[in-house]
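Numbering (our numbering), first residue to last: 258 to 530.
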């Protein structure tokens with residue numbers, strides 16, 4: 258398990274007190290700092306900077322004799338880490354964002370209502386859902402632990418979906434039905450998204466000419482700002498049209514349309530959720 262930034266400060270020889278500072282940079286050259294100076298410049302502690310180094314969140318420091326030297330890129334990275342922490346990203350998500358294709362990953366990890374932060378009990382209370390409904394949605398894989406999607410707490414998006422499910426519960430939809438539908442969606446979308454990720458990452462089961470997959474990846478990365486909204490639009494459209502088509506098929510076969518108040522169906526709702 259990685260050590261927390263609160264560990265005892267054991268300075269390496271090049272950072273020992275009393276050692277000569279690195280020579281001042283020539284006028285017009287980028288600023289350079291030793292770790293103590295970088296800590297003062299950024300408001301971080303020395304322990305925190307070393308912790309980020311161990312976790313791979315900072316670029317390697319340069320060497321000048323016995324000294325490790327830091328530059329403006331380290332200041333910029335520390336400011337970015339602080340900003341992402343303020344947005345409730347987990348350490349794993351921060352590492353992915355600062356170490357990978359940040360523009361593309363930002364679109365994936367950013368949430369519209371990320372400014373809100375809720376622990377699970379508060380999320381349930383604010384949503385108006387029963388504790389039982391919230392628990393079965395967790396069991397069904399709908400309400401995931403925030404750590405699984407790069408967060409340290411639930412946010413406004415989680416609150417919105419739980420409120421929507423609470424509306425169904427308050428309308429009289431049995432919790433067992435909400436749980437079943439939630440599990441169907443969670444498992445189906447998980448399988449679908451794994452195939453999509455595999456296609457973008459490794460080419461999926463498509464046949465590729467030499468160099469074609471690399472070019473596709475390059476284009477996809479360059480189109481990051483439009484790619485995700487377009488994919489979401491495709492998902493919404495496909496879901497809506499599929500629901501329309503299957504509803505017509507079911508009605509044609511004699512089944513009552515969804516939401517028909519006179520429909521009793523063959524669903525056994527006698528047991529407890």
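Idealized CB from N, CA, C, for every residue including glycine.
Looking at the structure shown, is residue i part of a helix, part of a strand, or coil, going by DSSP?
i, result
"residue 402", "coil"
"residue 374", "coil"
"residue 458", "helix"
"residue 285", "Residue placement at residue 285 is flagged as unreliable, the pLDDT there being 47, under the threshold of 50; a coordinate-derived value is accordingly withheld."
"residue 263", "With a pLDDT of only 44 at residue 263, under the threshold of 50, the placement of this residue in the model should not be trusted; the figure read from the coordinates follows. Correct three-state label for residue 263: coil."
"residue 512", "coil"
"residue 450", "helix"
"residue 522", "For residue 522, the predicted structure reports a pLDDT of 46, less than 50, and the residue's modelled location is therefore unreliable. The matter cannot be settled from this model."
Taking the alpha helix (DSSP H) that residue i falls in, what are its first and last residues?
i, result
"residue 380", "377-384"
"residue 486", "481-509"
"residue 349", "348-356"
"residue 463", "Segment: none, residue 463 is in no alpha helix (DSSP H) and carries neither H nor E."
"residue 428", "Here residue 428 belongs to no alpha helix (DSSP H), and DSSP marks it neither H nor E."
"residue 395", "388-396"
With which residues is residue i paired in a DSSP beta bridge?
i, result
"residue 411", "375"
Evaluate residue i with the Cβ neighbour count: other Cβ atoms within 10 Å of its Cβ, from every protein chain shown; 16 or more gives buried, anything less gives exposed.
i, result
"residue 503", "exposed"
"residue 211", "The structure shown does not extend to residue 211, since the chain spans only 258 to 530, so no value can be given for it."
"residue 306", "buried"
"residue 494", "exposed"
"residue 356", "exposed"
"residue 204", "Since the displayed the chain opens at 258 and closes at 530, residue 204 lies outside it and no answer follows."
"residue 500", "exposed"
"residue 403", "buried"
"residue 498", "exposed"
"residue 509", "exposed"
"residue 300", "exposed"
"residue 496", "exposed"
"residue 459", "exposed"
"residue 290", "buried"
"residue 487", "exposed"
"residue 415", "buried"
"residue 381", "buried"
"residue 505", "exposed"
"residue 408", "buried"
"residue 454", "exposed"
"residue 439", "buried"
"residue 441", "exposed"
"residue 412", "buried"
"residue 479", "exposed"
Answer with yes or no whether the minimum CB distance from residue i to chain B is below 9 Å.
i, result
"residue 412", "No chain B appears in the structure shown, which is made up of a single protein chain."
> Along the chain, which unbroken stretches of the beta strand (DSSP E) at least 3 residues long are found entirely within the segment 297-345?
Replying inline: 319-321, 324-326
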